[in-house]
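Quick mapping for you: the protein sequence lines, in order, are chains L and A.
With the working numbering, the residue at position 379 of the first sequence is 379, and numbering never jumps.
With the working numbering, the residue at position 93 of the second sequence is 987, and numbering never jumps.
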Amino acid sequence: MAESDVTPIDGVAVEINGVEVIAHKGELLIDAAERTGTYIPRFCYHERMNPVGMCRMCLVEVDTGRGPALQPSCMLECTPGMKADTESAVTKKAQDGILEFLLANHPLDCPVCDKGGECPLQDQTMAYGPGESRFVEEKRHKEKPIPISDLVLLDRERCILCDRCTRFAKEVAGDPLIHFIHRGNNTEVNTFPDEPFASYFSGNTVQICPVGALTSSTYRFKARPWDLETTESTCQTCSVGCRISIDSSRDQVQRFAGVDIDPVNWGWLCDKGRFSSEVVTSDARLSEPLVRDGSGLVPAKWSDALNRFAKALDNASSAQSIGVIGGSRLTNEDAYAWSKFFKGVLATDNVDAQLGDGLPAHVVLGLPSATIDEVCAPGGTVLLLGPDVKEELPVLFLRLRHAAVEDRVTIVEVSPRSTGVTSLTKASVHPRPGETADVVAALMSSAAIDREIAGVAAAELEAARAALAAATGPITVVLGRASLAESASVTVAAASAILAARPDTTFLSALRRSNVRGALDMGLAPGLLPGRVTLEDGAEWYSEVWPSMPAAVGLDTEGILRAAADGRIDVLVLLGADPLSDFTDADLAERGLTGARTVLSVDTALNPSSKRADIVLAAAGFAEKAGTTTNIEGRVSTLSQRVTPPGTARADWMLAAEVSTRLGTDLGFESFGDVLAEISAVAPAYLALDQAIAEGSPDGVMLPLDVVVIIDEDDEDIVIVDETVTVSQDGAEVDVTADVVVDDADAADSESTEGLIEIIADDADVAGSMPPFVQFTPIQMVTAPPVDSYSFRLVASRKLYDQGTLVQSAPSLAPLAPGSTVSLNPWEFDRLGVATGGRAIVRTAKASVNVTVQSDSGVPRGVAAMIVNQADGRVSDLVSADELVAEVRIETAP
Amino acid sequence: MARLTNDNVELAREIIGRYPRPKSALIPLLHLAQEQDGYLTDDAMAHIGELVGVSSAEVLGTASFYEMFKMEPVGRYMVNICTNISCQLRGGEELLAHAEKTLGIRPGQTTSDGLFTLEDVECIAACTEAPCLQVNYRYEHRISNEGFDQLVNDLRAGRRTDVPAHGVLAEVRQHIPEDRRAGVVTPEDKDVPVWISAAGESNR
């Protein structure tokens, strides 16, 4: 057997059903058996959670030298010489008995149970169980079902007490809000009275429940498993890139479920991602294009809408008078098509996928990068310098939580207020907004800190500095915007300080919107071209494939809105963007939208901004089109089409091609594959992506790829300089950086090229030298304004649920948005004369909002913490885009 | 519904200080709450969760395992009459029937004046003294119908000062001096447990 060829240094030889197999050191018998092809039935065991041995279904006859005896294989580590028999008469009798026992009180209401057809209890009873029960007694009856949260319902009669949901809640999510109560004869899972299972991860319990005890309010009675068609895809709710399965029935999306991939989500999803399946089928979806006539936006024919869209762009007085905002909700192919159209055809560089709430592209693409696995590597040290990961990138939070709790990872947090991660940190400091970079610079120093900086006591700073200094290897940084009321330059300055002090540091960008990384990679940012190259470096490379090129670096979203407000933008294009809700400065967004002569929108549903547009093109959304997406790590994974788009809505790349044709340029795309092929051929960081995608790994593809270039040795035009191959074709030269170079296709099969992507050098249809990737440009320290003791520094952070289009299109999620509040340290209450639950007016020079007051000891004194994009009192009314920090006054509301 | 009073929070902090992990103080604190209110209120359980750093659901999960923690209000006196084998042979069931008549309630119910809650229980480990019962977990041995009536009358008249209200464990509260407390230090963080290292000098 192949297994026995393995050198048994770290292996343990055990015998399963008479066949010797090599188990890993410390491997559980149930895992070793499954890995080597013997499935042992189980209910409570889950490979991503600690075993508990609750259900006894995995009992097998094991002999460790003292004679065979039944033992739970999920609690048993393999030891040398262990003999297990999973098919012995004793084992079979045990399995039979356990199933009879579990079914003694199980209601057998399978015909009306959502789990029927995909139920482990049902399946294993068929496979291993008794034909009938000897039990004639009345079964237990309990009220069914009871809601344990807004999204999850519990049927206690069906529960077999496997401890999966309760273990998940405590061990994985860290929200032990469900627990076994009335232990003994009447054990049941339940919540504390009036304290629902309000976890951001509650939906996972529905997925891992081995019976139909836990069901989700969104999927109950919607479909039967045998009617479902399933496709694997990648969640687009945030930018973590969790792998999911999409189930549909009758061409309607019914539910999403997590798929276990090792580098990202481990099978888990957040509730926002899981229940965003409702967004696909939302009533708010656009099914046809709209154009504005005298009475408002009215449905139009596609030909008419596209003609008017193209004409509006054609009528712009110059390339500089076109501004494009958005693109983070698109696939890479959509983003590339728009990028090629706006930059390569219309030659405008006023393009920005972010809405002033992210980080500059050179920071995201140029900093040395870390993967999620690298951040969470056992024994490592992580500096969190960004948003509340639990609120913005929930599954990254789960990974970080596991790293801190199970894998001895030290987390140090620098944030303007306490977050969902604070309880997991070794040290957490909360500098005054605007002064984060000063604190970070001090923390990077090798000298002990003996003075207060940015309002943080010396002892706290020293504890954090010591924790970072104790790191045995390079540290990793999760970098993002902790507060939208603070300029991005503060974060950039902090990153610059880290890199200056510790050049071996790597960074994971905590950006939030689904494919924001892909949009930046595809050049949807000022001064950028697809494939992580700058406009300056890449102009020549792209000049062969793109008909035109922007003359100079353009404006970002803030610049576009300012130019629009000043009347310098003729056409403002919104690619699935809603600046009125999402831009940090609502007043500027309003003036920008008003000032632009024509507003064009391409979106899946109307939002406050696209309602103001002159033409709205109906776009196909998630699960309705194929494509690729890039997550925060730079990992590309596939998106699949499961259902047809509503009405006549179309994928964005088609719309880009249609509009471009109407302006006389054929983008050359007839299928999404054409776009992917062009990206893979020309975008430097995406070179050969299509070949890697074709291999179909669910883990996705980390870019740039390791490539091997196969060249024809008879071709005299090829020169090999170190590992750069220069290919001469039609008089033009191509430099391709290769990890391995071989001189003919046969040699490519050798071991040195195994696992590398092959590209045939003379297939290259581009010319010029491959431009270098974007570099990070450090900036100097920023200076915060002096502290005004009558004012509070505003911290504007996000909650998972808000008034955004996505959450509000999902009926189950919409009511979970908490509403607008201002949180203050309890010490401030007397001085201000406000009370918890009372109303206060938060005022800046330009606006004031009236919101509910909350007491929160996690908010430092002198800071007012508010939540972005909530009902009743928008934070973006208070913030000015041109200020480093927002200072607010707080008064009691009359 | 009541959270722990300020005095009891003081006591709770002392109790928590006896254990290396705050969570270990959970059951003593549940007794403290039951002593305060006569039963476990939801607010008290939530408060205890805050004090020892576990969720309310975990407090409930632990408390609800134990028969002697009451989740609903009970009378000042909890009367448990044994009907297990020895007591049954010696008239335990008849005694229970008499008690039902005397108090005018069925097992599990509380008298309208809020003084008595009646329960039938399994063996309370006093078979040599059958039939027996407990009032607030204090034994009454070889009790007759008349003896029961006398007991009820004495309790009503406040003559039984040896039986405190339901929930009170003892007349004397244990106090552990500061230097003998384990202190809240998780075992992993200490080479030698505090209670050993504190006593170590004199023991050596």
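For each residue, glycine too, the CB sits at the ideal point set by N, CA and C.
Give me the Cα-Cα distance between residue i and residue j, rounded to the nearest whole angstrom.
{"i": "L/Leu-177", "j": "L/Leu-555", "result": "48 Å"}
{"i": "L/Ala-370", "j": "A/Ala-951", "result": "38 Å"}
{"i": "L/Asn-50", "j": "L/Met-75", "result": "9 Å"}
{"i": "L/Glu-713", "j": "L/Asp-537", "result": "Note that L/Glu-713 scores 49 on pLDDT, short of 50, meaning its location in the model is unreliable; the coordinates nonetheless yield the value given after this. Going from the Cα of L/Glu-713 to the Cα of L/Asp-537 covers about 30 Å."}
{"i": "L/Glu-887", "j": "L/Ala-510", "result": "25 Å"}
{"i": "L/Met-702", "j": "L/Gly-326", "result": "24 Å"}
{"i": "L/Tyr-128", "j": "L/Pro-80", "result": "29 Å"}
{"i": "L/Ala-525", "j": "L/Glu-413", "result": "29 Å"}
{"i": "L/Thr-665", "j": "L/Asp-150", "result": "51 Å"}
{"i": "L/Gln-854", "j": "L/Ala-835", "result": "8 Å"}
{"i": "A/Ala-1019", "j": "A/Met-962", "result": "16 Å"}
{"i": "L/Leu-297", "j": "L/Leu-617", "result": "11 Å"}
{"i": "A/Pro-914", "j": "A/Val-946", "result": "12 Å"}
{"i": "L/Ser-848", "j": "L/Arg-650", "result": "41 Å"}
{"i": "L/Phe-192", "j": "A/Ala-940", "result": "9 Å"}
Is the beta carbon of residue i within less than 7 Å of some heavy atom of the ligand ZN?
{"i": "A/Tyr-1033", "result": "By its list of ligands, the structure shown contains no ligand whatsoever, and the ligand ZN lies outside what it can speak to."}
Quickly, what does DSSP pair residue i with across the bridge? List them, please.
{"i": "L/Gly-627", "result": "L/Leu-639"}
{"i": "L/His-24", "result": "L/Gly-11"}
{"i": "L/Ala-257", "result": "L/Ser-245"}
{"i": "L/His-179", "result": "L/Asn-190"}
{"i": "L/Ser-797", "result": "L/Ile-867"}
{"i": "A/Tyr-1033", "result": "A/Gln-1028"}
{"i": "L/Glu-887", "result": "L/Arg-793"}
{"i": "L/Ala-897", "result": "With chain L represented from 1 up to 894, any question about residue 897 of chain L goes unanswered, as that position is not in the structure."}
{"i": "A/Cys-1021", "result": "Beta-bridge pairing links A/Cys-1021 to no other residue."}
{"i": "A/Asp-1014", "result": "A/Ile-975"}
{"i": "L/Pro-474", "result": "Answer is none; L/Pro-474 lacks a bridge partner."}
{"i": "L/Asp-85", "result": "L/Glu-61"}
{"i": "L/Asp-352", "result": "L/Ile-325"}
{"i": "L/Ser-855", "result": "L/Leu-824"}
{"i": "L/Ile-411", "result": "L/Val-382"}
{"i": "L/Glu-486", "result": "L/Val-885"}
{"i": "L/Gly-154", "result": "Checking the displayed sequence, the identity of residue 154 of chain L turns out to be Leu instead of Gly. Answer is L/Ile-146 and L/Leu-214, bridged to L/Leu-154."}
{"i": "L/Ile-615", "result": "L/Val-291 and L/Leu-600"}
{"i": "L/Leu-508", "result": "L/Val-478"}
Report the residue from the options whose alpha carbon sits nearest the alpha carbon of residue i.
{"i": "L/Glu-100", "options": "L/Leu-667, L/Val-409, L/Met-126 and L/Leu-461", "result": "L/Met-126"}
{"i": "L/Phe-342", "options": "L/Glu-590, L/Pro-416, L/Ala-32 and L/Leu-655", "result": "L/Leu-655"}
{"i": "L/Ser-809", "options": "L/Glu-460, L/Arg-285, L/Val-19 and L/Lys-170", "result": "L/Arg-285"}
{"i": "L/Val-60", "options": "L/His-430, L/Met-54, L/Ile-16 and L/Thr-79", "result": "L/Ile-16"}
{"i": "L/Lys-272", "options": "L/Val-240, L/His-362 and L/Ser-671", "result": "L/Val-240"}
{"i": "L/Pro-530", "options": "L/Gly-838, L/Asp-614, L/Asp-349 and L/Gly-559", "result": "L/Asp-349"}
{"i": "L/Ile-146", "options": "L/Asn-185, L/Thr-215 and L/His-182", "result": "L/Thr-215"}
{"i": "A/Gly-1008", "options": "A/Ala-1059, A/Leu-983 and A/Ile-979", "result": "A/Ala-1059"}
{"i": "A/Ile-979", "options": "A/Pro-922, A/Pro-1025, A/Arg-1050 and A/Asp-936", "result": "A/Pro-1025"}
{"i": "L/Ala-467", "options": "L/His-362, L/Thr-381, L/Ala-497 and L/Glu-406", "result": "L/Thr-381"}
{"i": "L/His-182", "options": "A/Asn-902, A/Tyr-960, A/Pro-922 and A/Ile-910", "result": "A/Tyr-960"}
{"i": "L/Ile-244", "options": "L/Leu-824, L/Leu-606 and L/Ser-640", "result": "L/Ser-640"}
{"i": "L/Phe-309", "options": "L/Asp-373, L/Leu-574, L/Glu-406 and L/Val-492", "result": "L/Leu-574"}
{"i": "L/Gln-236", "options": "L/Trp-546, L/Glu-392, L/His-106 and L/Val-859", "result": "L/Glu-392"}
{"i": "L/Asp-114", "options": "L/Leu-154, L/Gly-131 and L/Glu-132", "result": "L/Leu-154"}
Rounded C-beta distance between residue i and residue j? I'm assuming under 8 Å.
{"i": "L/Arg-513", "j": "L/Val-774", "result": "Contact doesn't hold; Cβ gap of about 19 Å is too wide."}
{"i": "L/Arg-274", "j": "L/Val-211", "result": "Not quite, the Cβ-Cβ distance comes to about 19 Å (not below 8 Å), so this is no contact."}
{"i": "L/Ala-796", "j": "L/Ser-483", "result": "5 Å"}
{"i": "L/Thr-202", "j": "L/Leu-806", "result": "According to the sequence provided, residue 202 of chain L is Ser. The question's Thr does not apply to it. 18 Å between Cβ atoms; not a contact."}
Checklist entry - Whole alpha helix (DSSP H) runs in the region 521-601 of chain L with 4 or more residues, listed along the chain? => result Assignment of alpha helix (DSSP H) within the region 521-601 of chain L, counting only whole runs of 4 or more residues, yields 535-543, 557-565, 579-582 and 586-595 in chain order.
Item to check | Complete beta strand (DSSP E) runs within the region 39-70 of chain L (minimum length 3 residues, chain order) | outcome: With a minimum length of 3 residues, the continuous beta strand (DSSP E) runs that stay inside the region 39-70 of chain L are 59-63.
Item to check | Start-end ranges of the alpha helix (DSSP H) lying completely within the region 634-684 of chain L, minimum 4 residues | outcome: Counting only runs that start and end inside the region 634-684 of chain L, the alpha helix (DSSP H) elements of at least 4 residues fall at 652-662 and 672-682.
Item to check | Members of the region 925-954 of chain A near chain D, C-beta cut-off 9 Å | outcome: Of the protein chains in the structure, L and A, none is chain D.
Next on the checklist: Please give me, in chain order, every unbroken run of the alpha helix (DSSP H) with length at least 4 that falls completely inside the region 897-951 of chain A.
Outcome noted: For the region 897-951 of chain A, whole alpha helix (DSSP H) runs of length 4 or above, ordered along the chain, are 900-910, 920-931 and 936-946.
Next on the checklist: What ranges does the beta strand (DSSP E) occupy inside the region 288-324 of chain L, keeping only unbroken runs of at least 3 residues that lie completely in it?
Outcome noted: If one requires a minimum length of 3 residues, the beta strand (DSSP E) runs lying completely within the region 288-324 of chain L are 290-293 and 296-299, in chain order.
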